[in-house]
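Colleague: Those sequence lines, one after another, are chains A and B. Numbers 1 to 530, taken from the working numbering, label the letters of the first sequence in order. Numbers 1001 to 1326, taken from the working numbering, label the letters of the second sequence in order.
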Amino acid sequence: MTINRRNLLLSTLAGVGLSAVPGLTISRAADGKTGGVLVVSNSVEPVHLVGAFTTQAGPPTSKIFDGLIKVGLDGRPAPALAEAWEVSGDGKTITFHLRKGVKFHDGTPLTPDDVAFSLDVWKKYHARGRGAFANVTGTHSPDDHTIIFDLSVPSPVVLLGLVANESPVLARHTYPAEGDLAVAERNNSPIGTGPFRFVEWERGSHIALEKNQDYWDAGHPLVDQLIIRTLPDPATTSAAIEAGTVQVSSFVPLSNIVRLQKNADIQVIDDPRGSLYAVGAVVFEFNLDRERFRDRALRTAFAHSIDRDFIQKNLYYGFATPTESPIPPGLPEWHNADVPKYIFDLEKAENILEEAGYKRNSEGVRLKLFNDYAANNATHLLVAQFIRSTLAKIGVDLEIRNQDFGQFVNRAYTKRDFDTIIYHATVGPDPAIGAQRFYWSKNFKPGVAFSNAANYSNPEVDRLLEAAGAEIDPARRRQYYNEFQRIVQEDIVRIPVISPRYPLVARANLSNVIEDAAGGSGSNSQTHFN
Amino acid sequence: MPAGRLSRRFVRVALQAVPLVLGVILLNFTLIQLLPGDAAEAFAAESGAATQETMDMLRVRFGVDQPVFAQLINYFHNLSQFYLGFSARYNAHVTDLILARLQMTVLLKFAALVLAFLLGILFGVIMERWRNRWPDKLLSLLSLVLYSTPGFWIGLMLIVVFSVHLGWLPPEGSRTLGGASKGWAYAWDVAQHMVLPVVASATFFVAIFARLTRGAMVEARTADHVRTARAKGLTSRQVTFRHVLRNALIPLSTITGMHVGALLGGSVVIETIFSWPGLGRLTYEAVLAREYVVLLGILLISSILVITANILTDLVQTWLDPRIEA
């Protein structure tokens, strides 16, 4: 028998890639303020969909789950699954009154037991949860709608940590009794109490969610379907927003945002109130294990060589705030603007080097050193290159090493084989979570990413950080953090450069894209088409 | 007996493939160990915060707390049971992860290969038929442009023109979310989504195939049997297709087989630009994440694919050219 080539070709085509995929029924019309399909873009494929275990679960968590509380646009805690709460006078117990009648997506009611189970998960698995809830020793519930957290010492960060994105409340009965829960099957098809129910996850393509008809916040969410589309390429993301196949994105390159601002079909949302959990700073950090960087004078020469104005205008297109404080202005409650400043002054920087004995050699070079930047953001390379070009003017040869993010982390935190590093670190929502880790001498832990890379150690700073971490009086806490910022800027082992903002790009016919402090990573329960 | 010759040939090349696959696994495993950092470190770094306890927990979960040799033995043990392992990072079995993506990549790349092959031959025949006249010069220039323009740029330009400005074709994805999920409507939907990425993947190979066809045909045109065919009084068209092109297909099939690997390798860029849920992107993510179980699985399956393509090429050539011995 001879093989008919045409038939062979056809049967091959039919067999490849054309298998049926479970479909979605999407209502296209969006009449008035309800209905319609909202498509949100995401740049990386989440590892799974439950943010109780990892920060890499991406945007679905806040949409499928609720937290005990949420933090409003004013930065204040507001009720979510907990209708009300009280902190005891000594700060050692927090009593949460759970909302009545809340049901998980499978119909089972929410109980204090689910919250206790979730707390165990946050404490055991979540990298930030482990820190935020370290002082929570246990829970007990006097009735079916109350749960009390017992604390070993007062811990003001606990409340801010209880939002949906960081600490979603899970349904205990949907997880196995033992084993490594981070790799539970359930994390790929989660069941929560949130405004949207999970429908399907096609890896590499999208995650589809639908409206939770029985959501406790009656009348919400407003859209019928929510699709989280994975778009790895920023240029394609811009094109998709322009073509209208995606309606909301926080992954449009800043250079394109400037152009898209002129498009009447598109709105750019640059709202600092929506960045409490994302606010951070790009920093330039020294390795104090290298003898010469223990010289403070040398470090101040670098601090005087950073042209924040240029970086803000040209590398961040204005979507960033210069900061000389380790707690950036985006956290107004704790930011101290009155710290020792190192104004951009190359002449002064050069004099410092000259006096410290770094003379120019025959090629005009005083000092040669390496810089490693964190390649998880394209702008970090630009910042590194710009600082190199500035330093070259005063005879400092900064050699930038190119490597992927994995190698950067290995080099900086495990091998500790670096002179200087440039990276971005999230400081929000609270300095005890976001700032302490870089300056606290007890957090010098080789092998642990984003710990104290400089090997900085100052007993006074340690004392202030520890005192602030356990202080419930905001005024005294602010004093501690103000003093902390002043001292570390005096020591200047980490030079804060700039605090980037994360503008959202959305189609103009959308309203309420941002509804609380989670900003672009919020639940979208109030987002609607006009 | 051509059938016997083909099957003997098949057995021989298939046997040669076994040590090759084993070598590929060993080499890949070694290469991955050379990458600085491990899966646990990368995972912790991406989360932007870590403690000693979370690092220890991650190392156990990712299996990187074991010595390297134990990891390799463990991997071979799994392979002997046709199991590619479980990815803690993606919370899924490696086989499931790969198969879901593989069909999308194969669909895209197979279509691109067919398009490049057909267009390349068409261009080549035209160029040879009107050698050194304006169609030849025009197409030569075109293939030079296609050869030297990177696929990602062509891809982005196609998106700008056909999706953003004209609005004719979708800019990203493999199907309309919420559209038809089976039947002709689904096939039509996927086909529309395929047009731009297929064209962007094919351009480089169109140029290669066109140049190659032209060259091979120019050479075949001078052969004795072609002169005989002309002397027999066959028409110019019959000579071109039956005698010249047919002989030119042998070098063309060699190159096509060789480029299957290149096409798979180039998929990461096209898949990223068009957000095509294919294997190339999974590979790229796995490298960045140091997720060696996924990476090894992909490399293993890709090498099997490339070896299969080479076996097919071998068989096609044996069939095309009776002089090749089994």
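Even glycine gets a Cβ: it sits at the ideal position worked out from N, Cα and C.
I need the DSSP call for Thr1149 of chain B, collapsed to helix, strand or coil.
Modeller: Against the second sequence, residue 1149 of chain B aligns to sequence position 149. If DSSP states are grouped into helix, strand and coil, Thr1149 of chain B belongs with coil.
Colleague: Between which two residues does the alpha helix (DSSP H) containing Leu1279 of chain B stretch?
Modeller: The count along the second sequence starts at 1 and reaches residue 1279 of chain B at position 279. Note, Leu1279 of chain B: alpha helix (DSSP H), 1279-1289.
Colleague: Considering only residues of the same chain and omitting the five flanking positions on each side of Pro1019 of chain B, which have a CB-CB separation below 7 Å?
Modeller: Translated into positions along the second sequence, residue 1019 of chain B becomes position 19. Excluding residues within five positions, none has a Cβ falling inside 7 Å.
Colleague: Taking Leu298 of chain A as the reference, give the member of A:Lys63, A:Asp491, A:Ala517, A:Leu260 with the closest Cα.
Modeller: Residue mapping note: residue 298 of chain A aligns to position 298 of the first sequence, counting from 1. Checking every option, the nearest Cα to that of Leu298 of chain A belongs to A:Asp491.
Colleague: Quick check: what's the CA-CA separation for Leu1312 of chain B versus Arg229 of chain A?
Modeller: Position 312 of the second sequence, counted from the first residue, corresponds to residue 1312 of chain B. Position 229 of the first sequence, counted from the first residue, corresponds to residue 229 of chain A. So the alpha carbons of these two residues sit roughly 38 Å apart.
Colleague: Closer than 7 Å, CB to CB, is Glu531 of chain A near chain B or not?
Modeller: In the structure as shown, chain A starts at 1 and stops at 530, and residue 531 of chain A therefore has no counterpart that could be examined.
Colleague: Taking Cβ-Cβ distances below 8 Å as the criterion, which residues of the stretch 1083-1098 of chain B are in contact with chain A?
Modeller: Answer in chain order: Phe1086, Ala1088, Arg1089, Tyr1090, Asn1091, Ala1092, Leu1097.
Colleague: Would you mind sorting Ala84 of chain A into buried or exposed? The rule is 16 or more other CB atoms within 10 Å of its CB.
Modeller: Counted from its first residue, the first sequence places residue 84 of chain A at position 84. Ala84 of chain A should be labelled exposed.
Colleague: On the DSSP bridge assignment, give the partners of Gln1052 of chain B in chain order.
Modeller: By 1-based counting over the second sequence, the position of residue 1052 of chain B is 52. For Gln1052 of chain B, which the question treats as bridged, DSSP gives no partner whatsoever.
Colleague: What is the DSSP secondary structure of Thr174 of chain A, counted as helix, strand or coil?
Modeller: Taking the first sequence and counting its residues from 1, one reaches residue 174 of chain A at position 174. In the structure shown, Thr174 of chain A sits in a helix (DSSP, three-state: H, G or I).
Colleague: List the residues of chain B whose Cβ lies closer than 9 Å to the Cβ of Lys445 of chain A, in chain order.
Modeller: Counting from one through the first sequence, the residue named residue 445 of chain A turns up at place 445. Per Cβ cutoff of 9 Å: Ala1050, Thr1051, Gln1052, Met1055.
Colleague: Using DSSP's beta-bridge definition, name the partner residues of Ala506 of chain A.
Modeller: The count along the first sequence starts at 1 and reaches residue 506 of chain A at position 506. Note: Ala506 of chain A sits in a beta bridge opposite A:Val248, A:Gln267.
Colleague: Taking the alpha-carbon positions, what's the Asn402 of chain A to Asp372 of chain A distance?
Modeller: Translated into positions along the first sequence, residue 402 of chain A becomes position 402. Translated into positions along the first sequence, residue 372 of chain A becomes position 372. Looking at the two C-alpha atoms, the distance is approximately 7 Å.
Colleague: Mapping DSSP to helix, strand and coil, what is Leu24 of chain A?
Modeller: Indexing the first sequence from 1 puts residue 24 of chain A at position 24. Its pLDDT being 40, under 50, Leu24 of chain A is placed unreliably in this model, and the value from its coordinates should be taken loosely. It is coil, neither helix nor strand.
Colleague: I'd like the span of the beta strand (DSSP E) that includes Pro284 of chain A, first residue to last.
Modeller: Walking along the first sequence from the start, residue 284 of chain A turns up at place 284. Reading off the sequence, residue 284 of chain A comes out as Phe, not Pro. Here the beta strand (DSSP E) through Phe284 of chain A covers 280-286.
Colleague: Using 8 Å as the Cβ pair cut-off and three pairs as the minimum, do the stretch 229-240 of chain A and the stretch 281-295 of chain A touch?
Modeller: Short answer: they don't touch.
Colleague: Tell whether a beta-carbon distance below 7 Å holds between Asp345 of chain A and His304 of chain A.
Modeller: The count along the first sequence starts at 1 and reaches residue 345 of chain A at position 345. The count along the first sequence starts at 1 and reaches residue 304 of chain A at position 304. Closer than 7 Å, so yes.
Colleague: Give the interface partners of Ile1159 of chain B over in chain A, defined as CB-CB distance under 7 Å, in chain order.
Modeller: By one-based count along the second sequence, residue 1159 of chain B stands at place 159. Correct list: Thr236, Ala239.
Colleague: Which first and last residues belong to the alpha helix (DSSP H) in which Ala468 of chain A is found?
Modeller: The count along the first sequence starts at 1 and reaches residue 468 of chain A at position 468. Segment 459-469, the alpha helix (DSSP H) holding Ala468 of chain A.
Colleague: Assuming Thr193 of chain A contacts Val163 of chain A under a Cβ cut-off of 8 Å, what Cβ separation, rounded to an integer in Å, is found between them?
Modeller: On the first sequence, residue 193 of chain A is found 193 positions in, with the first residue counted as 1. On the first sequence, residue 163 of chain A is found 163 positions in, with the first residue counted as 1. Not really, about 14 Å apart at Cβ, beyond 8 Å.
Colleague: Taking Cβ-Cβ distances below 9 Å as the criterion, which residues of the stretch 206-232 of chain A are in contact with chain B?
Modeller: Hits within the stretch, in order: His206, Ala208, Gln225, Ile227, Arg229, Thr230, Leu231, Pro232.
Colleague: Can you confirm whether Gln56 of chain A, when its beta carbon is compared against all beta carbons of chain B, has any partner nearer than 7 Å?
Modeller: Numbered from 1 along the first sequence, position 56 holds the residue referred to as residue 56 of chain A. Cβ-Cβ to chain B under 7 Å: yes for Gln56 of chain A.
Colleague: Entirely within the stretch 1061-1132 of chain B and at least 4 residues each: give me those alpha helix (DSSP H) ranges in chain order.
Modeller: The qualifying runs are 1068-1080, 1094-1129.
Colleague: Does the contact criterion of 3 or more C-beta pairs under 8 Å hold for the stretch 498-511 of chain A versus the stretch 236-249 of chain A?
Modeller: With the cut-off at 8 Å, the stretch 498-511 of chain A and the stretch 236-249 of chain A touch.
Colleague: Could you tell me whether any Cβ in chain A is nearer than 7 Å to the Cβ of Ala1044 of chain B?
Modeller: Against the second sequence, residue 1044 of chain B aligns to sequence position 44. Closer than 7 Å: yes.
Colleague: For chain B, find out if any of its Cβ atoms is closer than 7 Å to the Cβ of Ser521 of chain A; answer yes or no.
Modeller: Here the question's residue 521 of chain A lines up with position 521 in the first sequence. No, because no Cβ of chain B sits closer than 7 Å to the Cβ of Ser521 of chain A.
Colleague: Could you tell me whether the Cβ of Val21 of chain A comes closer than 7 Å to any Cβ of chain B?
Modeller: If you number the first sequence from 1, residue 21 of chain A lands on position 21. Low per-residue confidence applies at Val21 of chain A: pLDDT is 33, beneath 50, and the placement is therefore not dependable enough to give any value.
Colleague: If I measure Cβ to Cβ from Val39 of chain A and keep anything under 6 Å in the same chain, skipping five residues before and after, which residues do I get?
Modeller: The count along the first sequence starts at 1 and reaches residue 39 of chain A at position 39. Taken in chain order, the residues that qualify are Ile227, Arg229, Val246, Gln247.
Colleague: Roughly how many whole angstroms lie between the Cα atoms of Ala1045 of chain B and Arg476 of chain A?
Modeller: Within the second sequence, residue 1045 of chain B is the residue found at index 45, counting from 1. Within the first sequence, residue 476 of chain A is the residue found at index 476, counting from 1. In a straight line, the C-alpha of Ala1045 of chain B is about 33 Å away from that of Arg476 of chain A.
Colleague: Would you tell me roughly how many angstroms separate the C-alpha atoms of Leu24 of chain A and Leu1177 of chain B, rounded to the nearest one?
Modeller: What you label residue 24 of chain A is simply residue 24 of the first sequence in a count that begins at 1. What you label residue 1177 of chain B is simply residue 177 of the second sequence in a count that begins at 1. Reliability fails at Leu24 of chain A, whose pLDDT of 40 lies under 50, so the model's placement of it is uncertain and no value is given.
Colleague: If you draw a straight line from the alpha carbon of Val21 of chain A to that of Ser1181 of chain B, how long is it in whole angstroms?
Modeller: Stepping through the first sequence from its first residue, residue 21 of chain A is reached at position 21. Stepping through the second sequence from its first residue, residue 1181 of chain B is reached at position 181. Because Val21 of chain A carries a pLDDT of 33, less than 50, the predicted location of this residue cannot be relied on, and no value is offered for it.
Colleague: Rounding to the nearest angstrom, what Cα-Cα distance links Val102 of chain A and Leu1031 of chain B in this structure?
Modeller: Within the first sequence, the letter at position 102 stands for residue 102 of chain A. Within the second sequence, the letter at position 31 stands for residue 1031 of chain B. Spanning the two alpha carbons is a distance of roughly 52 Å.
Colleague: Identify each residue in the stretch 1061-1080 of chain B for which the Cβ-Cβ distance to at least one residue of chain A is less than 9 Å, and report them in chain order.
Modeller: Per Cβ criterion, the list reads Arg1061.
Colleague: Less than 7 Å between the beta carbons of Pro221 of chain A and Ser521 of chain A, yes or no?
Modeller: Along the first sequence, one-based indexing puts residue 221 of chain A at 221. Along the first sequence, one-based indexing puts residue 521 of chain A at 521. No, they are not a contact pair.
Colleague: Could you tell me which of A:Gly357, A:Ala320, A:Ile352, A:Leu504 sits nearest to Pro496 of chain A, measuring between CA atoms?
Modeller: Residue 496 of chain A sits at position 496 when you count from the first residue of the first sequence. The candidate whose alpha carbon is nearest that of Pro496 of chain A is A:Ala320.
Colleague: Taking 7 Å as the threshold (beta carbon to beta carbon), is Arg299 of chain A in contact with chain B?
Modeller: Within the first sequence, residue 299 of chain A is the residue found at index 299, counting from 1. Cβ-Cβ to chain B under 7 Å: no for Arg299 of chain A.
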